[in-house]
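Please read the structure below before turning to the comments.
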Amino acid sequence: MSGLFGNGTDVFNNFRDKEGRFKSELSRDIRGLMSLYEASQLSIRGEDILDQAADFSSQLLSRWATNLDHHQARLVRNALTHPYHKSLASFMERNFHYDYKGQNGWVNNLQELAKMDLTVVQSMHQKEVLNVSQWWKDTGLANELKLVRNQPLKWYMWSVAALTDPRFSEERVEFTKPISFIYIIDDIFDVYGSLEELTLFTDAVNRWELTAVEQLPDYMKVCFKALYDVTNEIAYKIYKKHGRNPIDSLRRTWASLCDAFLVEAKWFASGHLPKAEEYLENGIISSGMHIFTVYMFFLLGGCFTEESVNLVDEHAGITSSIATIFRLWDDLGSAKDEDQDGYDGSYVECYLKDHKGFSVENAREEVIRMISDAWKRLNKECLSPNPFSATFRKGSLNIARMVPLMYSYDDNHNLPLLEEYMKAMLYDSSS
């Protein structure tokens, strides 16, 4: 916050005693502790007082949660598990309605308005789902590639989370298409292709020519042609609407993604376990988050300066922070994707190789710390002045906020948070 507001964190000194510790009387104010914890989530690097606020408030709230009634304990657990800044507003809205239902008149009135709004939004999303499903069916990829994930609804939820403005209906449908290809191509590299085939496929994507697929097996030809056609169609739509043809930027992101996938395929084929730093450097690219940010940037339009285009073309800044959060959350997962075979390593495994004598729990704690640090970088990048539009920055934050829903597997290899979000956004009218 200091990047935005000068010495904005100085206000927290009012809550500390002469020794620099947070005042003991704060420990009895549950609402105050929750607010302190929420505020600490907007920290950037170097704001030690906010780190101390997070530790102080989270420790006390965790203790309080075991001694409160069910309703208050739920409020505390939700604050710790889903802080507002790191959670989707539409996901938190549902918790708000549940937690404060019937408490006073203005809340009830707000809920009635929210229900009416939800009905309109759900109707719009349902139409978009039909469009995405029809597009996916028309590609024929589900029939051609039997082993790849067939999850158009799940892929579409990324778009719903990122682009929340009702005006972006067409953009949500278009945004889902490249997202789907990230999953499809990931499965081709993890499950389908031999190393020789994957090398040829990567070369074809780098050349970006239909004639480059002649030596590929049929399933790869079908995939590349579909990717080529969809990418060029989206580029043309962006050109018609916003006056700039982004095809060079779009195809370069696919080349980078496949290059990174191929690196991982070679590691696996040779039995090589890279150093953690090397793994993460490549994993930031293989996460596919650069596809997300580049396509979202051009689909939204309105901010095509030389500086902004150059920045979004790089695997740095906002993209790098989101990708780090994504990759590490993915690797933290206690279960792999319920519909995915294959194996592509994890940061935890690489970290344990680099740090002999460390436990899995030590490695997981380090990953959690790194996710927190990536959020600090993302906060600074999105909340400080930059050449990107407010809509793009909000979408970038929302992509990061969506990650836990996509990777919080339960013991049955299901995604209960994602399922809850799907229900809320598509058909569940309860509040």
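In this note's numbering, the protein residues as written are 78 to 508.
We put the beta carbon where it would ideally sit given N, CA and C, even for glycine.
Where residue i falls: helix, strand or coil (DSSP)
{"i": "residue 93", "result": "strand"}
{"i": "residue 381", "result": "coil"}
{"i": "residue 133", "result": "helix"}
{"i": "residue 258", "result": "helix"}
{"i": "residue 99", "result": "strand"}
{"i": "residue 161", "result": "helix"}
{"i": "residue 226", "result": "coil"}
{"i": "residue 478", "result": "helix"}
{"i": "residue 236", "result": "helix"}
{"i": "residue 121", "result": "coil"}
{"i": "residue 408", "result": "helix"}
{"i": "residue 490", "result": "coil"}
{"i": "residue 453", "result": "helix"}
{"i": "residue 243", "result": "helix"}
{"i": "residue 434", "result": "coil"}
{"i": "residue 504", "result": "coil"}
{"i": "residue 143", "result": "coil"}
{"i": "residue 413", "result": "With a pLDDT of 45 at residue 413, under the threshold of 50, the modelled position of that residue is not reliable, and the figure given next carries that caveat. In this structure, residue 413 counts as coil in the three-state DSSP scheme."}
{"i": "residue 463", "result": "coil"}
{"i": "residue 485", "result": "coil"}
{"i": "residue 106", "result": "coil"}
{"i": "residue 219", "result": "helix"}
Contact check, residue i vs residue j, beta carbons under 7 Å
{"i": "residue 311", "j": "residue 247", "result": "no"}
{"i": "residue 162", "j": "residue 118", "result": "yes"}
{"i": "residue 401", "j": "residue 370", "result": "no"}
{"i": "residue 453", "j": "residue 121", "result": "yes"}
{"i": "residue 352", "j": "residue 431", "result": "yes"}
{"i": "residue 469", "j": "residue 375", "result": "no"}
{"i": "residue 472", "j": "residue 303", "result": "no"}
{"i": "residue 359", "j": "residue 337", "result": "yes"}
{"i": "residue 477", "j": "residue 455", "result": "yes"}
{"i": "residue 211", "j": "residue 503", "result": "no"}
{"i": "residue 137", "j": "residue 104", "result": "yes"}
{"i": "residue 399", "j": "residue 366", "result": "yes"}
{"i": "residue 288", "j": "residue 339", "result": "no"}
Among the options, nearest to residue i - alpha-carbon criterion
{"i": "residue 109", "options": "96, 134, 93", "result": "134"}
{"i": "residue 231", "options": "245, 216, 254", "result": "254"}
{"i": "residue 408", "options": "486, 126, 379, 461", "result": "486"}
{"i": "residue 467", "options": "406, 242, 225", "result": "242"}
{"i": "residue 112", "options": "424, 152, 140", "result": "152"}
{"i": "residue 107", "options": "199, 291, 288, 146", "result": "146"}
{"i": "residue 404", "options": "185, 444, 377, 502", "result": "444"}
{"i": "residue 217", "options": "261, 159, 399", "result": "261"}
{"i": "residue 328", "options": "207, 305, 347, 214", "result": "305"}
{"i": "residue 480", "options": "103, 429, 165, 90", "result": "165"}
{"i": "residue 131", "options": "115, 290, 287", "result": "115"}
{"i": "residue 325", "options": "215, 499, 284", "result": "284"}
{"i": "residue 320", "options": "297, 377, 191, 280", "result": "377"}
{"i": "residue 392", "options": "381, 424, 357, 201", "result": "357"}
Residues near residue i by beta carbon distance below 8 Å, same chain, minus five either side
{"i": "residue 314", "result": "251"}
{"i": "residue 418", "result": "Annotation note: pLDDT 46 at residue 418 (below 50); position unreliable, coordinate value reported separately. Taken in chain order, the residues that qualify are 224, 267, 268."}
{"i": "residue 495", "result": "231, 234, 482, 483, 485"}
{"i": "residue 344", "result": "350, 351, 422"}
{"i": "residue 435", "result": "428, 429"}
{"i": "residue 322", "result": "312, 313, 315, 316"}
Residue i CB to nearest heavy atom of the ligand HEM below 6 Å
{"i": "residue 429", "result": "Within the structure as shown, the ligand HEM is missing, as the structure has no ligands at all."}
Same chain only: Cβ atoms within 7 Å of residue i, ignoring 5 sequence neighbours per side
{"i": "residue 385", "result": "464, 465"}
{"i": "residue 294", "result": "274"}
{"i": "residue 379", "result": "466"}
Contacting residues, own chain, Cβ-Cβ under 6 Å from residue i (five flanking each side not counted)
{"i": "residue 256", "result": "232, 235"}
{"i": "residue 282", "result": "331, 332, 335"}
{"i": "residue 299", "result": "221"}
{"i": "residue 93", "result": "99"}
{"i": "residue 414", "result": "Low confidence applies to residue 414: its pLDDT is 45, below 50, so where it sits in the model is not reliable enough to give any reading."}
{"i": "residue 258", "result": "304"}
{"i": "residue 168", "result": "498"}
Which parts of the region 265 to 352 are runs of the alpha helix (DSSP H), unbroken and 4 residues or longer, counting only runs that do not cross its ends?
-> With a minimum length of 4 residues, the continuous alpha helix (DSSP H) runs that stay inside the region 265 to 352 are 272 to 284, 295 to 319, 324 to 347.
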